[in-house]
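The structure appears right after this line, and notes come after that.
Now the structure itself:
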C-alpha cells in the first residue's frame, strides 16, 4: 500500500483557471504584492515563504491542497529564533483509552466525526441537538527545514510570483514528508506493530 499524500500543489486547477500571464496563484501573488512588502531583501527566506503560504491557502480552492484528515495548516516565522514552523490540525480517531470500553458513554449515543462524501465535517446544528459529539484532533507543531527555500526577492520588480511558487513547492514537499506517514497510519486504522 502506498503512502497517501498529505500536501500537494493543485497545478492543474491553477493552470486551467489562470490568466494569460500565468496560473491563478501567480495572479493572486501579483494582486497581493503589498502583502510581501516587509519581506523584500530579507536575508532569511522565512517571512517571504510564510506570506506566500498565506496567499496560497487563502485561495478557494487553495493552491496548496491537503488530505481530508487535515483541518488546517499554517506556516509562520518562529518568534523564538526566526526559523520556519508549521501548525497542522489533523482529524484522528478517539484515543485508545476511550475505545477500550464504552462505559463512559452511558448510552448517550456519542458520535465521532461526521463524514460527507468521505470528507470530515462539523456536526450540523441539528446533529448537535440530537446527540453528543466527540471529535478528536491532533495538533502538530514542528520546525520546517528551510535550506531549500528560494531567497526572498529584493523588491516587487523581481519575479515574485515565480519565487512564491518555488517556495510553495518546497513547503508542500517538506510538510508532505513530515505528515504523510502519520496520515497513512491514521487511515490504516491499525495500531503500529499489529
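Numbering (our numbering), first residue to last: 2 to 195. For glycine and all other residues, C-beta sits at the position ideal for the given N, C-alpha and C.
- It is roughly 45 Å from the alpha-carbon of residue 97 to the alpha-carbon of residue 40.
- For residue 164, the enclosing alpha helix (DSSP H) covers residues 161-189.
- For residue 88, the closest alpha carbon among the candidates 139, 104, 81, 130 is that of 139.
- Cβ atoms of residue 64 and residue 10 come within 8 Å of each other, at about 6 Å.
- If you look at residue 86, you'll find it in the beta strand (DSSP E) that goes 85-92.
- Following the DSSP letters along the chain, one finds residue 67 inside the beta strand (DSSP E) bounded by residues 65-67.
- With contacts defined by Cβ atoms closer than 8 Å, residue 187 and residue 73 do not form a contacting pair.
- The continuous stretches of alpha helix (DSSP H) do not include residue 104, and DSSP gives it neither H nor E.
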